[in-house]
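Engineer: Quick note on numbering: my numbering labels position 78 of the sequence shown as 78, and the sequence is numbered without any gaps.
Cβ coordinates follow ideal geometry from the N, Cα and C atoms, glycine included.
Dropping a structure here in structure tokens format, bear with me for questions.
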Amino acid sequence: MSQENYSQIVGQDKVKKKLNFLLDGFSKTRIIPHLLFVAPRGCGKTLIAQETANIMRRTKTIVVNCSTIKNVKQFFNQIMFPYVYSKDTTIIFDEASELPRDVTMALLTILNPNSNNRNDFTLDEGTYTFRFDQNSFLFCTTEAQKIFHALLDRLYRIDLEDYSYNDLGKIINNNLKLKNQIVQDEIINEVASVCRG
């Protein structure tokens with residue numbers, strides 16, 4: 001797989017190279033490590049996670065804002081059973097630092113690495129097997145330090161790079177082009193220089 005996979009993503013060359021290496025392995029095994037994308041707000045964590053999911057081409061990709069998850073029962077009834085369990089799915093946990101404690105504990109069991117690349121999880125209604133060749137788990141956060149340490153140990157961390165002013169200018173210009181707007185390069189450069197505050 002090549003960096004062409006992420007051609008619409010500006011910058012992040014080291015991240016793209018690392019992801020392409022992991023995706024090359026995925027293309028052979030249908031298994032990718034459970035990924036954690038870490039960066040400040042607005043750096044494209046969720047965008048890169050979604051693009052990674054698109055490249056994997058599982059049947060379904062769902063994005064879950066973790067602040068909407070209240071407890072493990074709701075998590076399973078509204079997300080895991082209908083969209084993930086026994087299905088070919090990538091699940092993206094956005095704002096992963098907001099996961100409730102009981103959901104985090106469930107994920108510790110589900111994501112426990114082993115040579116079988118699958119785990120059983122028991123809930124009131126029965127025992128469910130989650131297979132890593134069928135399910136991919138991607139996490140995004142600005143606050144990795146708030147994620148429970150044992151869950152962090154199960155995730156392959158990918159830190160996004162800070163954008164250069166040149167990259168910020170390209171992002172601004174690309175967004176303006178989507179709106180059929182043309183702005184002089186000098187103005188783009190001036191705006192890019194103040195984008196970080």
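Less than 6 Å between C-beta atoms, sequence neighbours within five positions excluded: which residues of the same chain meet that for T200?
Structural biologist: Missing from the structure shown is residue 200; the chain here goes from 1 to 197 and no further.
Engineer: Figure out for me which residue from D159, L108 and R154 has the closest Cα to the Cα of K14.
Structural biologist: Locating residue 14 in the sequence shown gives position 14, counting from the first residue. Closest by alpha carbon: D159.
Engineer: Is the CB-CB distance between Y163 and S193 below 8 Å?
Structural biologist: For the purposes of this step, residue 163 is taken as residue 163 along the sequence shown, with counting starting at 1. For the purposes of this step, residue 193 is taken as residue 193 along the sequence shown, with counting starting at 1. It is not a contact, given that the beta carbons lie outside the stated cut-off.
Engineer: Could you tell me the distance, in whole angstroms, from the CA atom of T52 to the CA atom of K17?
Structural biologist: The count along the sequence shown starts at 1 and reaches residue 52 at position 52. The count along the sequence shown starts at 1 and reaches residue 17 at position 17. Those two C-alpha atoms are separated by around 12 Å.
Engineer: In terms of DSSP beta bridges, what is L36 paired with?
Structural biologist: Indexing the sequence shown from 1 puts residue 36 at position 36. Bridge partners of L36: F139 and R157.
Engineer: Within this structure, are the beta carbons of I55 and N5 separated by less than 8 Å?
Structural biologist: As a position in the sequence shown, residue 55 is number 55, starting the count at 1. As a position in the sequence shown, residue 5 is number 5, starting the count at 1. Going by C-beta atoms, I55 is nearer than 8 Å to N5.
Engineer: What does DSSP give as the partner residues of F130 in its beta bridges?
Structural biologist: Taking the sequence shown and counting its residues from 1, one reaches residue 130 at position 130. F130 is bridged to N119.
Engineer: Can you tell me whether DSSP reads I182 as helix, strand or coil?
Structural biologist: In the sequence shown, residue 182 corresponds to position 182, counting from 1. Note: I182 maps to coil in three-state DSSP.
Engineer: Compare the beta carbon distance of N135 and T61 with 8 Å and say whether it is the shorter of the two.
Structural biologist: Along the sequence shown, one-based indexing puts residue 135 at 135. Along the sequence shown, one-based indexing puts residue 61 at 61. Not in contact: N135 and T61 (Cβ atoms no closer than 8 Å).
Engineer: Measuring CA to CA, which of L36, K28 and P100 is closest to D133?
Structural biologist: As a working mapping, residue 133 is identified with position 133 in the sequence shown. The candidate whose alpha carbon is nearest that of D133 is K28.
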